[in-house]
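A.B. asks: Okay, handing you the structure first.
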Amino acid sequence: MRSGNFFCREKTEKRIRQKNGFKTMEITKEEIIKRVRDAGVVGCGGAGFPTHVKIAAAGRRAEVVIANGAECEPLLKTDQYLMLHKSREVVRGLQLVMASSGASRGVVALKSKYHEACASLKKEVPPEIEVFEVGNFYPAGDEHVLVNEATGRIVPEAGIPIAVGVIVDNVATLINVCEAVDKGLAVTRKYVTVTGEVKRPIIVKCAIGSRIRDVVKLAQPIFENYVIVDGGAMMGEIADEDEVVTKTTGAFIVLSNDSSVVAGKRRSIQVSNRRAKSICDQCMDCTLTCPRNLLGHRIYPHKIMRMNFFDCDEMNETTSGSFLCSQCGLCEITCPQGLSPKAVFKSVKERLIKKGFKNILQNADLKVHGEKDLRKFSALRLIHRLGLAALDRPASLYEKVFVPPRVRIPLLQHTGSPAKPVVIPGAQVKEGSLIAAIPEGKLGANIHSSITGTVVKIDEKYIYIEQ
20 MRSGNFFCRE KTEKRIRQKN GFKTMEITKE EIIKRVRDAG VVGCGGAGFP THVKIAAAGR
80 RAEVVIANGA ECEPLLKTDQ YLMLHKSREV VRGLQLVMAS SGASRGVVAL KSKYHEACAS
140 LKKEVPPEIE VFEVGNFYPA GDEHVLVNEA TGRIVPEAGI PIAVGVIVDN VATLINVCEA
200 VDKGLAVTRK YVTVTGEVKR PIIVKCAIGS RIRDVVKLAQ PIFENYVIVD GGAMMGEIAD
260 EDEVVTKTTG AFIVLSNDSS VVAGKRRSIQ VSNRRAKSIC DQCMDCTLTC PRNLLGHRIY
320 PHKIMRMNFF DCDEMNETTS GSFLCSQCGL CEITCPQGLS PKAVFKSVKE RLIKKGFKNI
380 LQNADLKVHG EKDLRKFSAL RLIHRLGLAA LDRPASLYEK VFVPPRVRIP LLQHTGSPAK
440 PVVIPGAQVK EGSLIAAIPE GKLGANIHSS ITGTVVKIDE KYIYIEQ
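Per my numbering: the sequence shown = residues 20 to 486.
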């Protein structure tokens with residue numbers, strides 16, 4: 020069992036700085052991966068795939084590493100803030116992933132409209148790293164889309180970027196890599212945007228395991244009865260206020276009960292299917308703008324709507340397109356009838372998996388659509404379609420780190436198996452102490468205490484700690 024004091028911030032940071040300095044330390048590939056693993060670093064911008072596994076699995080195939088700062092969801096400001104105020108750490112984290120994966124080229128990709136962040140990053144990047152400016156369209160941050168924009172390469176159907184020699188990491192993930200390797204710091208904090216129907220949109224650095232309701236209250240919601248969307252307006256889900264901040268939390272959007280965004284997220288799949296059967300007119304707008312279709316993938320949203328008339332649960336080229344859907348939701352926005360091919364794809368995929376079917380579409384010989392650039396969907400147009408334009412305001416950094424007196428830390432905040440507790444009730448822990456470890460032989464990530472205090476309870480899902 021690893022010592023619980025290994026990641027104690029004060030001791031470790033001092034030791035690393037005195038010995039190495041920030042940019043000059045020499046370290047092997049194996050040691051980088053080990054420190055990233057020990058620190059519990061996972062992807063901050065998606066499903067939380069363990070970063071040490073992503074780097075190690077790249078082998079010698081990685082040629083390019085992309086720092087994803089496109090942040091294409093409306094209203095979100097966290098990545099913009101981090102690229103402006105922690106550009107040095109972003110670049111350092113990118114260098115470390117390049118060094119440990121063998122990649123010779125690095126790219127920091129962000130929207131060209133983030134002028135200050137672009138300027139800050141350009142001051143930090145060495146010759147082997149470029150700052151790539153992306154247009155203001157949705158979903159620019161989708162990793163398949165971003166890989167094509169930044170490199171011209173096309174990720175295969177149902178594939179991942181390393182298939183074309185690319186690793187994509189969110190900028191917040193790279194900051195965590197930097198802090199894990201250079202300072203020995205575990206992942207115990209998360210920067211979160213809190214915005215929407217609030218008096219003061221903020222970016223708050225908070226302890227992992229903080230209750231959502233407590234974090235949201237810092238921004239002073241305008242309404243008493245509000246709904247919280249965990250994540251973006253397009254891909255996020257309605258949150259339970261009593262759930263907690265995790266390593267993958269990015270934003271909380273506070274909306275009124277009558278918001279069209281909320282109504283869409285509350286709509287059941289049964290209702291979506293009935294509406295699709297009743298009023299889809301096969302206009303094809305969903306397919307014409309589908310980001311994956313524009314990359315040459317065999318996904319046709321209008322065809323899945325047509326197939327839905329027959330409740331087809333058999334595998335064919337149309338239904339297998341459900342395995343290629345990224346759930347970006349752009350089809351919902353472009354549909355003139357307000358239908359949801361996204362929901363139908365999700366339903367079909369679940370039924371196919373239940374029957375034991377697997378994806379049959381894995382073509383790697385792809386060609387982008389000739390009108391791809393013309394069909395990109397403006398992010399400005401998107402925010403107006405969502406009815407959120409009036410809520411698009413700057414977010415300021417909350418004055419202090421939010422550390423509550425008690426936290427509830429999930430054992431599963433990542434892709435893979437839940438971490439296995441290595442402490443017992445009554446144990447004294449410090450911020451950064453290892454409290455749950457990766458199960459032997461499993462895909463997973465280490466979990467650390469986000470506060471100094473006492474472990475008061477452990478159940479199947481959480482470790483409870485009080486100061």
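Note that beta-carbon positions come from the ideal geometry of N, C-alpha and C, so glycine has one too.
How many angstroms separate the CA atom of Arg293 from the CA atom of Glu176?
C.D. replies: To locate residue 293, count along the sequence shown from 1; it is residue 274. To locate residue 176, count along the sequence shown from 1; it is residue 157. Each residue's Cα considered, the two are about 29 Å apart.
A.B. asks: Can you tell me the Cα-Cα spacing of Val281 and Ile257, whole angstroms?
C.D. replies: Here residue 281 refers to the residue found at position 262 when the sequence shown is read from its first residue. Here residue 257 refers to the residue found at position 238 when the sequence shown is read from its first residue. Each residue's alpha carbon lies about 8 Å from the other.
A.B. asks: Would you be able to state if there are at least three C-beta pairs under 8 Å between the region 51–67 and the region 247–266?
C.D. replies: Short answer: they touch.
A.B. asks: What three-state label does DSSP hand Ala446 in the structure shown?
C.D. replies: Along the sequence shown, read from residue 1 onward, the residue named residue 446 stands at position 427. The answer is coil: DSSP assigns Ala446 none of H, G, I, E or B.
A.B. asks: With which residues is Ala77 paired in a DSSP beta bridge?
C.D. replies: Locating residue 77 in the sequence shown gives position 58, counting from the first residue. Looking at the DSSP assignment, Ala77 forms no beta bridge with any residue, so it has no partner.
A.B. asks: Is Pro355 buried or exposed, if buried means 16 or more other CB atoms sit within 10 Å of its CB?
C.D. replies: As a working note, residue 355 is residue 336 in the sequence shown. With fewer than 16 other Cβ atoms within 10 Å, it is exposed.
A.B. asks: Taking only the alpha-carbon atoms, compute the straight-line gap between Lys374 and Glu459 and give it to the nearest angstrom.
C.D. replies: The count along the sequence shown starts at 1 and reaches residue 374 at position 355. The count along the sequence shown starts at 1 and reaches residue 459 at position 440. Going by the C-alpha atoms only, they are around 31 Å apart.
A.B. asks: Roughly how many angstroms lie between the CA atoms of Thr207 and Ile477, to the nearest whole one?
C.D. replies: Taking the first residue of the sequence shown as position 1, residue 207 is located at position 188. Taking the first residue of the sequence shown as position 1, residue 477 is located at position 458. About 18 Å.
A.B. asks: Let me confirm a value: Pro240 is counted as buried when at least 16 other C-beta atoms fall within 10 Å, else exposed. Which label applies?
C.D. replies: As a working note, residue 240 is residue 221 in the sequence shown. It is buried - the Cβ of Pro240 has at least 16 other Cβ atoms within 10 Å.
A.B. asks: Would you tell me roughly how many angstroms separate the C-alpha atoms of Thr31 and Gly125, rounded to the nearest one?
C.D. replies: The residue you call residue 31 lines up with position 12 of the sequence shown. The residue you call residue 125 lines up with position 106 of the sequence shown. Residue confidence for Thr31 is low, a pLDDT of 32 falling below 50, so the modelled location carries little weight; the figure read from the coordinates is stated next. Using only the alpha carbons, I get a separation of about 28 Å.
A.B. asks: Nearest by alpha-carbon distance to Lys53: which of Asp201, Val387 and Gly340 is it?
C.D. replies: For the purposes of this step, residue 53 is taken as residue 34 along the sequence shown, with counting starting at 1. Among Asp201, Val387 and Gly340, the Cα nearest to that of Lys53 is on Asp201.
A.B. asks: Determine the DSSP secondary structure at Glu198, reduced to helix, strand or coil.
C.D. replies: Indexing the sequence shown from 1 puts residue 198 at position 179. If DSSP states are grouped into helix, strand and coil, Glu198 belongs with the helices.
A.B. asks: To which residues of the same chain is Ser415 closer than 8 Å at the C-beta, ignoring the five residues directly before and after it?
C.D. replies: Counting from one through the sequence shown, the residue named residue 415 turns up at place 396. Only Arg219, Pro220, Ile221 and Ile222 meet the Cβ criterion.
A.B. asks: Helix, strand or coil for Asp249? Go by DSSP, reduced to three states.
C.D. replies: Working through the sequence shown from its first residue, we reach residue 249 at position 230. Note: Asp249 maps to strand in three-state DSSP.
A.B. asks: Would you check if the distance between the CB atom of Tyr245 and the CB atom of Ala398 is smaller than 8 Å?
C.D. replies: For the purposes of this step, residue 245 is identified with residue 226 of the sequence shown, where counting begins at 1. For the purposes of this step, residue 398 is identified with residue 379 of the sequence shown, where counting begins at 1. The answer is no: Cβ separation not under 8 Å.
A.B. asks: Using a threshold of 8 Å, state whether the C-beta atoms of His48 and Ser139 are closer than that.
C.D. replies: One-based indexing of the sequence shown puts residue 48 at position 29. One-based indexing of the sequence shown puts residue 139 at position 120. First, the amino acid is wrong: residue 48 is Lys here, not His. No. Outside cutoff.
A.B. asks: Return the Cβ separation of Ile148 and Ala77 in integer angstroms, given the expectation that the two are a contact with Cβ distance under 8 Å.
C.D. replies: One-based indexing of the sequence shown puts residue 148 at position 129. One-based indexing of the sequence shown puts residue 77 at position 58. With a Cβ gap of about 17 Å, Ile148 and Ala77 do not count as contacting.
A.B. asks: Tell me the residue span of the alpha helix (DSSP H) that contains Thr337.
C.D. replies: For the purposes of this step, residue 337 is taken as the residue at position 318 of the sequence shown. Note, Thr337: premise wrong, no alpha helix (DSSP H); not H, not E.
A.B. asks: In its own chain, which residues sit with a C-beta less than 8 Å from the C-beta of Asn394, not counting the 5 before and 5 after it?
C.D. replies: Sequence index remark: in the sequence shown, residue 394 carries index 375 (1-based). According to the sequence provided, residue 394 is Arg. The question's Asn does not apply to it. Only Leu307, Thr308, Leu313 and His388 meet the Cβ criterion.
A.B. asks: Between Ala89 and Leu165, is the Cβ-Cβ spacing less than 8 Å?
C.D. replies: As a working mapping, residue 89 is identified with position 70 in the sequence shown. As a working mapping, residue 165 is identified with position 146 in the sequence shown. Result yes, Cβ atoms of Ala89 and Leu165 sit closer than 8 Å.
A.B. asks: Nearest CA to the CA of Arg285: which residue from Met117, His316 and Ala252?
C.D. replies: Here residue 285 refers to the residue found at position 266 when the sequence shown is read from its first residue. Of the candidates Met117, His316 and Ala252, the one whose C-alpha sits nearest the C-alpha of Arg285 is Ala252.
A.B. asks: Spatial neighbours of Asn167 within its chain, please: CB distance less than 8 Å, with the 5 preceding and 5 following residues excluded, ordered by chain position.
C.D. replies: In the sequence shown, the residue the question calls residue 167 occupies position 148. Result list for Asn167: Ile173, Val174, Leu314 and Val387, in chain order.
A.B. asks: When we look at the beta-carbon of Thr43 and count the other beta-carbons within 10 Å, is it buried (16 or more) or exposed?
C.D. replies: As a working note, residue 43 is residue 24 in the sequence shown. Because Thr43 sits at a pLDDT of 44, beneath the cut-off of 50, its placement in the model cannot be relied upon, and the following sentence gives the value as read from the coordinates. It counts as exposed.
A.B. asks: Quick one: give me the first and last residue of the beta strand (DSSP E) that Ser275 is part of.
C.D. replies: Walking along the sequence shown from the start, residue 275 turns up at place 256. Ser275 -> beta strand (DSSP E) spans Ala270 to Ser275.
A.B. asks: Might you give, ordered along the chain, the residues of its own chain that have their beta carbon closer than 8 Å to the beta carbon of Phe421, omitting 5 neighbours on each side?
C.D. replies: Residue mapping note: residue 421 aligns to position 402 of the sequence shown, counting from 1. Only Val223, Lys224, Cys225, Ala226, Ser229, Asp233, Val234 and Leu237 meet the Cβ criterion.
A.B. asks: Are the beta-carbon atoms of Leu430 and Ile466 separated by less than 8 Å?
C.D. replies: The residue given as residue 430 occupies position 411 in the sequence shown. The residue given as residue 466 occupies position 447 in the sequence shown. Yes.
A.B. asks: Taking Cβ positions, are Val116 and Ile186 nearer each other than 8 Å?
C.D. replies: Walking along the sequence shown from the start, residue 116 turns up at place 97. Walking along the sequence shown from the start, residue 186 turns up at place 167. A contact, by the Cβ cut-off of 8 Å.
A.B. asks: Work out the CA separation of Tyr100 and Leu385 for me, nearest whole Å.
C.D. replies: On the sequence shown, residue 385 is found 366 positions in, with the first residue counted as 1. On the sequence shown, residue 100 is found 81 positions in, with the first residue counted as 1. C-alpha separation (whole angstroms): 36 Å.
A.B. asks: Once DSSP output is grouped into helix, strand and coil, what is the label at Glu50?
C.D. replies: Within the sequence shown, the letter at position 31 stands for residue 50. Glu50 falls in the helix class under three-state DSSP.
A.B. asks: At what residues does the beta strand (DSSP E) containing Lys209 begin and finish?
C.D. replies: Residue 209 sits at position 190 when you count from the first residue of the sequence shown. Residues Arg208 to Gly215.
A.B. asks: Let me make sure I understand the geometry here. Which of Ala81, Arg404, Leu410 and Thr214 has the alpha-carbon closest to that of Gly184?
C.D. replies: Counted from its first residue, the sequence shown places residue 184 at position 165. Closest option to Gly184, Cα to Cα, is Ala81.
A.B. asks: Is DSSP giving Phe396 helix, strand or coil here?
C.D. replies: Taking the sequence shown and counting its residues from 1, one reaches residue 396 at position 377. In this structure, Phe396 counts as strand in the three-state DSSP scheme.
A.B. asks: Can you tell me whether Asp261 is buried or exposed? The criterion is at least 16 other CB atoms within 10 Å of its CB, across all chains shown.
C.D. replies: Here residue 261 is taken as the residue at index 242 of the sequence shown, counted from 1. The residue in question, Asp261, is exposed, as its Cβ has fewer than 16 Cβ neighbours within 10 Å.
A.B. asks: Between which two residues does the alpha helix (DSSP H) carrying Lys236 extend?
C.D. replies: Indexing the sequence shown from 1 puts residue 236 at position 217. Unbroken alpha helix (DSSP H) run through Lys236: Ile231 to Lys236.
A.B. asks: Under the three-state reduction of DSSP, which class applies to Arg293: helix, strand or coil?
C.D. replies: Taking the first residue of the sequence shown as position 1, residue 293 is located at position 274. In this structure, Arg293 counts as helix in the three-state DSSP scheme.
A.B. asks: Could you work out which residue in Phe271, Gly283, Pro145 and Asn195 is closest to Ile51 when comparing CA atoms only?
C.D. replies: Looking up residue 51 in the sequence shown gives position 32. Nearest option by C-alpha distance: Asn195.
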